[in-house]
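Chains as they are written, first to last, in the numbering used here: chain R, 5 to 293; chain G, 2 to 138; chain C, 371 to 805. Virtual Cβ for every residue (Gly too), placed ideally from N, Cα, C. Working notes for the structure below.
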Amino acid sequence: MDYLYFPGCTLYTKAKNFDQTARDCSLLLGFELKELKNWTCCGATFPLATDNIMALLPPSRILANAREEGTALTTLCAVCYNVIKRTNRLIQGDGEKRDKINNFIEKNYQGDLRILHYLEILKQEVGFPQLKEKVKRPLSGLKAGAYYGCMLLRPSEEMGFDDKERPTLFEEFLGALGAEAVEYPYKIECCGSFQSVGAPDVATECAYKILGSAVKNGAEVMVSTCPMCTFNIDHKQSDIKEKYLGFQSVPVFYFTQLLGIAMGLDYRTLGFDQNAVDPLPLLQKKGLL
Amino acid sequence: MKIELRREKVHNNFAKKVELISGQNLFACYQCGNCTAGCPVAFAMEVGPHEIIRYTLLGLEEEALGANTFWLCASCLQCTSRCPKGIDIARVMDALRMVVLRKKERKDRVEIPEFPEGFLEKLPQIAFVSGFRKFLS
Amino acid sequence: MGGNGFIKRAMVIGGGIAGISASIDLGNGGYEVVLVEKLPSIGGRMLQLSETFPTLDCAQCTLTPKTVETGQHSHIKLLTYSEVDGVEGRAGDFRVNIRRKAAYVDWDKCTGCGLCQQKCPSKNPSEFDRGMGLGKAIYTLSPQAVPNKPVINPSNCRYFKESKCKVCEKLCPVGAIDYEQKDRFVEERVGAIIIAVGFDLIPRETFGEYGYGEVPDVIDGLAFERLNSASGPTTGEIRRPSDGKIPKEVVFIQCTGSRDPERYMPYCSRVCCMYTAKHARLYKHKVHDGQAYIFYMDVRSTGKGYEEFIQQGMEEEGILYLRGRVSRIFRDGDKVMVWGADTLTGKKVEVAADMVVLATAIVPQKESKDLARKLGVKTDDHGFLAEAERKLRTVETDIEGIYIAGCAQGPKDIADAVAHANAAASKVQGLFAKH
Numbered sequence: 005m006d007y008l009y010f011p012g013c014t015l016y017t018k019a020k021n022f023d024q025t026a027r028d029c030s031l032l033l034g035f036e037l038k039e040l041k042n043w044t045c046c047g048a049t050f051p052l053a054t055d056n057i058m059a060l061l062p063p064s065r066i067l068a069n070a071r072e073e074g075t076a077l078t079t080l081c082a083v084c085y086n087v088i089k090r091t092n093r094l095i096q097g098d099g100e101k102r103d104k105i106n107n108f109i110e111k112n113y114q115g116d117l118r119i120l121h122y123l124e125i126l127k128q129e130v131g132f133p134q135l136k137e138k139v140k141r142p143l144s145g146l147k148a149g150a151y152y153g154c155m156l157l158r159p160s161e162e163m164g165f166d167d168k169e170r171p172t173l174f175e176e177f178l179g180a181l182g183a184e185a186v187e188y189p190y191k192i193e194c195c196g197s198f199q200s201v202g203a204p205d206v207a208t209e210c211a212y213k214i215l216g217s218a219v220k221n222g223a224e225v226m227v228s229t230c231p232m233c234t235f236n237i238d239h240k241q242s243d244i245k246e247k248y249l250g251f252q253s254v255p256v257f258y259f260t261q262l263l264g265i266a267m268g269l270d271y272r273t274l275g276f277d278q279n280a281v282d283p284l285p286l287l288q289k290k291g292l293l
Numbered sequence: 002m003k004i005e006l007r008r009e010k011v012h013n014n015f016a017k018k019v020e021l022i023s024g025q026n027l028f029a030c031y032q033c034g035n036c037t038a039g040c041p042v043a044f045a046m047e048v049g050p051h052e053i054i055r056y057t058l059l060g061l062e063e064e065a066l067g068a069n070t071f072w073l074c075a076s077c078l079q080c081t082s083r084c085p086k087g088i089d090i091a092r093v094m095d096a097l098r099m100v101v102l103r104k105k106e107r108k109d110r111v112e113i114p115e116f117p118e119g120f121l122e123k124l125p126q127i128a129f130v131s132g133f134r135k136f137l138s
Numbered sequence: 371m372g373g374n375g376f377i378k379r380a381m382v383i384g385g386g387i388a389g390i391s392a393s394i395d396l397g398n399g400g401y402e403v404v405l406v407e408k409l410p411s412i413g414g415r416m417l418q419l420s421e422t423f424p425t426l427d428c429a430q431c432t433l434t435p436k437t438v439e440t441g442q443h444s445h446i447k448l449l450t451y452s453e454v455d456g457v458e459g460r461a462g463d464f465r466v467n468i469r470r471k472a473a474y475v476d477w478d479k480c481t482g483c484g485l486c487q488q489k490c491p492s493k494n495p496s497e498f499d500r501g502m503g504l505g506k507a508i509y510t511l512s513p514q515a516v517p518n519k520p521v522i523n524p525s526n527c528r529y530f531k532e533s534k535c536k537v538c539e540k541l542c543p544v545g546a547i548d549y550e551q552k553d554r555f556v557e558e559r560v561g562a563i564i565i566a567v568g569f570d571l572i573p574r575e576t577f578g579e580y581g582y583g584e585v586p587d588v589i590d591g592l593a594f595e596r597l598n599s600a601s602g603p604t605t606g607e608i609r610r611p612s613d614g615k616i617p618k619e620v621v622f623i624q625c626t627g628s629r630d631p632e633r634y635m636p637y638c639s640r641v642c643c644m645y646t647a648k649h650a651r652l653y654k655h656k657v658h659d660g661q662a663y664i665f666y667m668d669v670r671s672t673g674k675g676y677e678e679f680i681q682q683g684m685e686e687e688g689i690l691y692l693r694g695r696v697s698r699i700f701r702d703g704d705k706v707m708v709w710g711a712d713t714l715t716g717k718k719v720e721v722a723a724d725m726v727v728l729a730t731a732i733v734p735q736k737e738s739k740d741l742a743r744k745l746g747v748k749t750d751d752h753g754f755l756a757e758a759e760r761k762l763r764t765v766e767t768d769i770e771g772i773y774i775a776g777c778a779q780g781p782k783d784i785a786d787a788v789a790h791a792n793a794a795a796s797k798v799q800g801l802f803a804k805h
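Dropping the structure here:
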């Protein structure tokens with residue numbers, strides 16, 4: 005089966021290697037990511053003001069265009085996933101807004117596109133046992149803290165991704181890759197998100213607590229599904245170090261990077277040069293290169 | 002300090018505007034504090050989200066809009082997901098942002114010229130796309 | 371028997387304090403009562419309690435005279451370890467089919483010596499002790515059980531599971547063990563029925579934000595009662611389940627699953643404010659250097675002496691009342707982290723607790739719905755038995771001759787449950803007087 009693919013602005017530019025890795029891995033797993041012909045930024049945040057229909061137009065357009073090309077749409081970015089899925093639900097449920105939006109964008113989208121995060125494809129369509137069989141280089145001995153953040157899980161009635169208090173999908177994914185997933189309480193707590201623009205110190209504190217919790221429970225590395233979270237818990241470690249002397253760096257992987265290693269891709273194509281905390285020494289030590 | 006309540010003050014136009022933009026019923030809040038208890042950034046807030054809702058309901062526009070509470074909200078939806086009365090507190094926070102940003106003074110919360118050197122290049126685009134929608138008019 | 375063959379016998383379904391009170395009233399009024407109870411002995415929830423509010427009287431000292439009176443009453447026929455299977459008929463002539471469950475012990479022979487329980491090698495988490503203590507496969511619920519006859523739980527018994535052991539059979543001095551026993555059915559004909567099947571608590575496993583029941587030191591109110599009971603798993607010492615240490619920081623949380631229309635029960639469970647204060651006070655009586663925190667939204671203390679009890683707890687025991695809910699509980703090393711709020715100062719508060727006690731919502735017994743269907747009575751939106759009218763007819767149902775008593779109709783404390791049961795018995799006597 006093939007899936008329509010929405011890369012999102014960040015994965016298309018600053019994090020292009022994550023995108024490329026995902027495409028390569030998909031082929032190895034028996035499906036193809038078909039990038040949408042026409043797409044724009046999704047807006048990066050689902051508009052919470054109920055009277056802001058303008059902000060719903062970009063994701064609505066994405067949905068309408070996608071539906072003209074196929075029936076299932078996937079993305080690698082948790083933020084995009086959240087915005088697109090919530091918009092889809094709104095279109096399904098609010099006839100008045102649906103008509104208004106369709107009128108404006110001159111489409112007739114009815115909300116019948118299936119939206120999946122890449123991890124959901126791996127679980128539901130490929131199956132984690134099947135994924136495990138295709139793993140060429142199991143990540144044995146790698147103690148990884150899966151970081152869900154917010155956008156995958158909430159609001160749970162709309163996202164339907166996993167149990168919002170005790171999700172397990174990401175850990176199952178890591179398990180299939182042969183890694184040892186570490187449970188820690190802060191895996192569902194917010195990284196601070198866009199507060200790295202508005203109140204950077206607050207975001208630094210959030211990241212510090214998350215990393216601290218994971219490390220305390222035995223994690224050697226973090227794994228993320230969101231470029232915003234990745235920035236906050238990876239790149240902002242330099243800010244953490246300024247405030248908390250003695251803070252030990254923790255490598256942060258984008259989930260596609262770990263998938264790439266496990267599937268046997270050349271590690272040089274996985275974009276480790278874009279990771280703020282260099283993961284190569286640890287990977288070398290673990291014999292995973 | 003003392004609050005003088007009159008029926009014109011309670012649930013006044015300010016409160017009604019917040020309710021309209023957020024789509025939430027502020028009277029439903031029974032001030033249990035669950036939102037504040039689970040908020041990841043409450044440690045930095047002057048007053049917790051539940052208090053902002055209280056100020057708003059009592060029509061105290063200046064007090065409500067003067068706090069840093071809703072500016073710090075990261076829209077993580079933890080509050081919304083656990084509210085026993087089903088109030089979408091994240092929407093209320095965003096509504097308060099909108100009330101300020103939509104005023105004719107067009108006062109932005111962040112000033113782009115004040116960003117440190119290299120800031121715009123360092124952060125991923127989504128930080129600015131979402132951030133500017135929350136902080137700029 | 372009255373005119374037209376109206377049978378002046380009553381059945382009470384449920385042998386808790388409400389069922390017992392109604393039975394004694396009717397028995398003393400000269401009527402024969404059949405008391406049906408699903409557990410091996412009568413006493414209900416009160417058997418699990420250590421002390422009751424607001425007097426802090428010993429629960430067993432209050433209850434045992436009543437259970438003994440019931441057991442010895444000339445007019446009360448006790449059918450324990452039994453359940454109602456089906457009902458036909460109408461007021462004056464109900465034909466009730468009762469399943470008498472296989473106890474695998476012949477109660478006619480059994481003398482209640484207790485040797486079998488002493489020697490049974492099988493240890494399983496005890497439902498009565500809310501999973502905290504270990505119970506035997508052959509058991510009575512308490513040393514003062516009425517009737518004092520044990521039953522074997524086949525899912526815990528080594529003979530039934532693996533065809534081994536049989537120690538009880540070997541040791542029983544009167545040969546009362548009978549592994550071949552089967553459920554049997556009896557029919558009772560009665561003129562009126564009182565349903566007093568009591569309540570359950572919403573399981574703590576329901577609450578994802580509190581750990582889905584997997585943090586051992588997060589327990590519910592009944593579990594705390596067992597910890598505090600001399601007959602409980604820790605012989606009355608307040609020790610936490612995970613490592614047996616005495617907790618010095620204990621957090622009590624009211625309204626867990628109650629007053630929560632969005633996610634759990636919308637109603638107030640009525641008794642939690644009082645029993646939480648009771649728990650905190652009893653904790654402080656035993657652990658003088660411990661700190662008790664109570665997270666509350668309101669304090670509902672409406673009975674006689676109740677408000678004074680609450681205030682005394684604050685003033686004399688130094689219990690800290692924090693007005694706010696708790697958003698999340700999780701394990702952090704040795705401690706249990708509690709993220710709550712104190713809306714009176716407006717602040718988010720965090721407590722690194724040793725133990726957390728959840729005052730979980732009162733819900734109907736799981737058999738309630740089925741039983742209601744068999745009897746043809748209505749249940750309300752939450753599964754409690756529906757009273758005929760909210761204000762003036764709270765012990766009657768829509769069906770003539772069928773009455774309700776106690777928590778089966780809705781959460782209430784012991785005093786109210788007994789008064790409710792007295793009222794139901796009075797209605798039955800009124801009904802009988804008319805015929």
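Exercise. Does the pairing of the segment 89 to 105 of chain R with the segment 144 to 151 of chain R give three or more beta-carbon distances under 8 Å?
Worked result: no
Exercise. Helix, strand or coil for Ala473 of chain C per DSSP?
Worked result: coil
Problem set entry | Proximal chain R residues relative to Phe700 of chain C, where beta-carbon distance stays under 8 Å | Pro189
Exercise. Do Pro586 of chain C and Asp724 of chain C have their C-beta atoms within less than 8 Å of each other?
Worked result: no
Exercise. Is there contact between the segment 57 to 67 of chain R and the segment 105 to 112 of chain R, where contact requires at least three CB pairs shorter than 8 Å?
Worked result: yes
For this session: Please state whether DSSP places Pro543 of chain C in a helix, a strand or coil.
Result: coil
Exercise. Under a Cβ-count criterion, where at least 16 other Cβ atoms within 10 Å of its own Cβ denotes burial, should His655 of chain C be classed as buried or exposed?
Worked result: exposed
For this session: Mind listing, in chain order, the continuous beta strand (DSSP E) runs of no fewer than 3 residues lying wholly within the segment 82 to 148 of chain R?
Result: 118 to 121
Problem set entry | Pairwise C-alpha distance: Val206 of chain R and Gly119 of chain G | 20 Å
For this session: Identify the continuous beta strand (DSSP E) that holds Gln661 of chain C and give its terminal residues.
Result: Gln661 to Tyr666
For this session: Classify Asp395 of chain C as helix, strand or coil using the three-state DSSP reduction.
Result: helix
For this session: Starting from Lys3 of chain G, find everything on chain C with Cβ-Cβ shorter than 7 Å and list it in chain order.
Result: The premise fails here: Lys3 of chain G is roughly 17 Å from chain C at the closest Cβ pair, so nothing lies under 7 Å.
For this session: Compare the C-beta of Pro85 of chain G against all C-beta atoms of chain C and say whether one is closer than 8 Å.
Result: yes
For this session: Could you check which residue in G:Lys86, G:Arg107, G:Thr70 and G:Thr81 has the C-alpha nearest to that of Ala203 of chain R?
Result: G:Thr70
Problem set entry | Span of the alpha helix (DSSP H) around Ile214 of chain R | Pro204 to Lys220
For this session: Say whether chain G places a C-beta atom closer than 8 Å to the C-beta of Gly149 of chain R.
Result: no
For this session: Name, please, each residue of chain C whose Cβ falls closer than 7 Å to the Cβ of Asp166 of chain R.
Result: Within chain C, no residue comes near Asp166 of chain R; the closest Cβ sits about 11 Å away, beyond 7 Å.
Problem set entry | Span separating the alpha-carbon of Asp116 of chain R from that of Asn106 of chain R | 14 Å
Problem set entry | C-beta atoms of Gln487 of chain C and Pro520 of chain C nearer than 8 Å | yes
Problem set entry | Whole runs of the beta strand (DSSP E) within the segment 716 to 792 of chain C, excluding any shorter than 3 residues | 717 to 723, 725 to 730, 732 to 734 and 772 to 774
Exercise. Which whole-angstrom value describes the C-beta separation of Ala377 of chain C and Val560 of chain C, a residue pair presumed to lie in contact below a C-beta threshold of 8 Å?
Worked result: The residue asked about is misnamed: residue 377 of chain C is Ile in this sequence, not Ala. Contact flag correct, Cβ pair sits at about 6 Å.
For this session: Identify, in the order they occur along the chain, each residue of the same chain with its Cβ nearer than 7 Å to the Cβ of Cys81 of chain R, setting aside the five sequence neighbours on each side.
Result: Gly12, Thr14, Leu15, Cys230 and Pro231
Exercise. Can at least three beta-carbon pairs, one atom from the segment 48 to 67 of chain G and one from the segment 272 to 279 of chain R, be found at a separation below 8 Å?
Worked result: no
For this session: Using a Cβ cut-off of 8 Å (strictly closer), state whether Glu579 of chain C contacts chain G.
Result: yes
Exercise. Do we get a CB-CB distance below 8 Å when we pair Phe116 of chain G with the residues of chain C?
Worked result: no
For this session: Could you tell me whether the Cβ atoms of Leu274 of chain R and Arg141 of chain R are closer together than 8 Å?
Result: no
For this session: List the endpoints of the continuous alpha helix (DSSP H) containing Val19 of chain G.
Result: Asn14 to Ser23
Exercise. In angstroms, rounded to a whole number, what distance separates the CA positions of Phe15 of chain G and Phe235 of chain R?
Worked result: 37 Å
Exercise. Quick one: Cα of Arg465 of chain C to Cα of Glu550 of chain C, how far?
Worked result: 28 Å
For this session: Using only alpha-carbon positions, find the residue among C:Gly459, C:Ser601 and C:Ile680 that is nearest to Phe498 of chain C.
Result: C:Ser601
Problem set entry | Asp820 of chain C, buried or exposed, once every other Cβ within 10 Å from all chains shown has been counted against 16 | Because chain C here runs from 371 to 805, residue 820 of chain C falls outside it and cannot be looked at.
For this session: Give the range of the beta strand (DSSP E) segment to which Ala76 of chain R is assigned.
Result: Ala76 to Thr79
Exercise. For the alpha helix (DSSP H) that contains Ser452 of chain C, what are its first and last residues?
Worked result: Not the alpha helix (DSSP H): Ser452 of chain C falls in the beta strand (DSSP E), residues Ser452 to Arg460.
Problem set entry | CB contact flag (Asp109 of chain G, Ser82 of chain G, <8 Å) | no
Exercise. From this set, G:Glu47, G:Pro117 and G:Leu78, which residue's C-alpha is nearest Phe50 of chain R's C-alpha?
Worked result: G:Leu78
Problem set entry | Simplified DSSP state of Val466 of chain C, which is helix, strand or coil | strand
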